[in-house]
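To convert, take the position in the sequence shown, counting from 1, and add 7; that gives my numbering.
Glycine included, every Cβ here is placed at the ideal spot set by N, Cα and C.
In this text the structure is predicted, and so the values were computed from the model without any measurement.
Encoded as structure tokens, the structure appears first; notes follow it.
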Amino acid sequence: MRSKELIKSMILFLLVLMSVVLTYMTWNFSPDLADVDKQEHSDESKPNTIGKPLNQGMNQVITPYQVIYSKGEDTKGMEATRSNINEMTKPLKNQRVIQSEQMHSNHNLIIPDLSDDFLVLDFTYDMPLATYLGQALNINAKVPNNFKFNRLLVDRTKDGKVKLYAISKDRHNVVRMMTTAKQDKFTQKLESLRKKMQPYTEIITNKDTIDKATHIFAPSAPKNLKSYHTIYNRISVDTMNSILFNDSVVVRSSKSGTTTYNNNTGVANYNDDSEKYRYTNLSEDENRSTNMQDSIPSTYDYINNHGGFTDDYRLFSTDNKKGELTYQMFLNGRPTFNDDDLNNIKVSWGNKGVFSYARALLKANVTIDSGEDEQDLPGAESVRSELANNPNIDFEKVTNMTIGYKMENQPDKSDIEIQRNSEFKPQWYVEYNGEWLTYKDGGLE
Numbered sequence: 008m009r010s011k012e013l014i015k016s017m018i019l020f021l022l023v024l025m026s027v028v029l030t031y032m033t034w035n036f037s038p039d040l041a042d043v044d045k046q047e048h049s050d051e052s053k054p055n056t057i058g059k060p061l062n063q064g065m066n067q068v069i070t071p072y073q074v075i076y077s078k079g080e081d082t083k084g085m086e087a088t089r090s091n092i093n094e095m096t097k098p099l100k101n102q103r104v105i106q107s108e109q110m111h112s113n114h115n116l117i118i119p120d121l122s123d124d125f126l127v128l129d130f131t132y133d134m135p136l137a138t139y140l141g142q143a144l145n146i147n148a149k150v151p152n153n154f155k156f157n158r159l160l161v162d163r164t165k166d167g168k169v170k171l172y173a174i175s176k177d178r179h180n181v182v183r184m185m186t187t188a189k190q191d192k193f194t195q196k197l198e199s200l201r202k203k204m205q206p207y208t209e210i211i212t213n214k215d216t217i218d219k220a221t222h223i224f225a226p227s228a229p230k231n232l233k234s235y236h237t238i239y240n241r242i243s244v245d246t247m248n249s250i251l252f253n254d255s256v257v258v259r260s261s262k263s264g265t266t267t268y269n270n271n272t273g274v275a276n277y278n279d280d281s282e283k284y285r286y287t288n289l290s291e292d293e294n295r296s297t298n299m300q301d302s303i304p305s306t307y308d309y310i311n312n313h314g315g316f317t318d319d320y321r322l323f324s325t326d327n328k329k330g331e332l333t334y335q336m337f338l339n340g341r342p343t344f345n346d347d348d349l350n351n352i353k354v355s356w357g358n359k360g361v362f363s364y365a366r367a368l369l370k371a372n373v374t375i376d377s378g379e380d381e382q383d384l385p386g387a388e389s390v391r392s393e394l395a396n397n398p399n400i401d402f403e404k405v406t407n408m409t410i411g412y413k414m415e416n417q418p419d420k421s422d423i424e425i426q427r428n429s430e431f432k433p434q435w436y437v438e439y440n441g442e443w444l445t446y447k448d449g450g451l452e
């Protein structure tokens, strides 16, 4: 009997002891957060960028496509590499416009006080003057509201300052601006770049391009042009979805090779064959913003914040009616062209955010000389003559001529995983009736 009581006492003692130990452990419990922190860090590092953001500002993307120097009867020019543009515009940055005046002409635009020694910055699109001055050049300026331009002339004043003329796309309006920029600093930069310049030809296509300020400028004799070969890396669809969608998405596949992703705020389509991705924001209003003063800086910031300018993309066109902007790939300071839009980013802005976003999920891994023989192209005068004498072309509708690169897609079937490749070949391109077309054998296609 005694042994039974002893066993009961020992069991009771052990239970009490266990209770005390457990109570102590509960009071002094400190959870190990190592795994939690690791998981949170893993979530935070979820890929939401596709490249490195540009760190030198909007002037890397909002740029002219060519630089022309006109002095008397001598006209020279050069392609718009980022270094060329940065050097040429450096004396203009962080200055002020102290006086501006808008002028209009119903006929051919003539600028009476323009000297015979000036620089031309040509753009492929028209954009708000205030946006370019304020956000690309950081110039403090009061200029006419909503004035758009696609050509900027840089001239001098008698007191040694820089004078600017912003010319509208229709060549009937100009804003003259007196600045605080010093002419001698601008001249120094110009002299250092003149060695790179080649002879350019002045071309008249219609009654709006007969003055020196409104001529079309194009390379006189493009020679020794190289072709290039590019191999691409792929951008993950999951990465694009993480950037554009606020939360998880529903995946719907189809037999055509196109996969659809959607949630309550947006829908995206990706095609495996073309490797093109398009997103539409369902939470935005149906009407895209057509205010380029908002759309240009907003789309630039949005794309740049997630490293979307994976290659040398520049703003190339602005559709003021649809509100769509096209950022196009440049190579060695020249625009590239592709029939399948694999070389551009098309984006539009809504009231508060991105409305649509379309691009190929490709970014250049390496670009090298293709090894082909250097090529000479017909001179600007030859191209002009052939087009002017073509009965199927209304030469008055020609508004630009330039050398660009044709991007030809060449998938390598020998690889286990098909590696996307492209050849970039030099070619004449002509802006005709608002559309860029290839010049070939005296015609446009």
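Query, Result
"Run of the beta strand (DSSP E) containing T287, from where it starts to where it stops", "283–288"
"8 Å Cβ shell around L116 - same chain, five flanking residues per side excluded", "I174, R178, H179, N180, V181, D215, D218, A220, T221"
"Which residues DSSP lists as bridging A188, in chain order", "Looking at the DSSP assignment, A188 forms no beta bridge with any residue, so it has no partner."
"Alpha-carbon spacing of G411 relative to Q434, whole angstroms", "6 Å"
"Residue range of the unbroken alpha helix (DSSP H) whose run includes A228", "Run containing A228: none; DSSP gives neither H nor E here."
"Nearest neighbour of N278, chosen from T237, S324, L368, Q190 [CA to CA]", "L368"
"Environment of R201 [buried if 16+ CB atoms lie within 10 Å]", "exposed"
"Cα-Cα separation, N399 to G450", "8 Å"
"Best match in E209, Y309, E282, N428 for proximity to I250 [C-alpha to C-alpha]", "Y309"
"DSSP three-state assignment for E403, whether helix, strand or coil", "helix"
"Paired residues, beta bridge with R183 - DSSP", "E108, Y172"
"Own chain, CB closer than 7 Å to G360, minus 5 neighbours either side, in chain order", "N288, E291"
"Beta-carbon gap between I69 and I352 smaller than 8 Å", "no"
"Where N153 falls, given that 16 or more other Cβ within 10 Å makes a residue buried", "exposed"
"L384 versus P229 - alpha carbon distance", "6 Å"
"Minimum C-alpha distance to A137 - residue among S122, N298, L232", "N298"
"Exposed unless 16 or more other CB atoms sit within 10 angstroms - verdict on V43", "Here the model assigns V43 a pLDDT of 32, short of 50, so the residue's position is not dependable, and the following value carries that caveat. With fewer than 16 other Cβ atoms within 10 Å, it is exposed."
"Bridge partners - S355, DSSP secondary structure assignment", "E331, S363"
"Among T333, N345, N271, nearest to Y132 - alpha-carbon criterion", "T333"
"Sequence-distant residues of its chain with Cβ nearer than 7 Å to K233 (five each side left out)", "D376, E381"
"DSSP beta-bridge partners of G84", "I75, Q205"
"Rounded C-alpha distance that separates Q102 from Q190", "12 Å"
"Minimum Cβ-Cβ distance from F125 to chain C less than 8 Å", "The structure shown contains no chain C; it holds only a single protein chain."
"Under the three-state DSSP convention, the category N55 falls into", "coil"
"Bounding residues of the beta strand (DSSP E) (the contiguous stretch that carries S429)", "428–439"
"Integer-rounded CB distance, given that Q106 should sit under 8 Å from P151", "Their Cβ separation, rounded to whole angstroms, is 13 Å, which puts P151 and Q106 out of contact at 8 Å."
"Outcome for T164 when other beta-carbon atoms lying within 10 angstroms are tallied against a minimum of 16", "exposed"
"Between the CA atoms of L444 and E452 - distance to the nearest angstrom", "6 Å"
"Among T194, A365, G378, Q67, nearest to A87 - alpha-carbon criterion", "Q67"
"Q142 - DSSP class collapsed to helix/strand/coil", "helix"
"Beta-carbon separation (whole angstroms), I75 vs D129, contact threshold 8 Å", "7 Å"
"Helix, strand or coil at N91 [DSSP, three-state]", "helix"
"Cα-Cα separation between P80 and G441, rounded to whole angstroms", "The amino acid at residue 80 is misidentified as Pro; the sequence shows Glu. Cα-Cα distance, rounded: 29 Å."
"Under the three-state DSSP convention, the category K447 falls into", "strand"
"Contacting residues, own chain, Cβ-Cβ under 6 Å from S261 (five flanking each side not counted)", "none"
"Backbone secondary structure at E442 - three-state DSSP", "strand"
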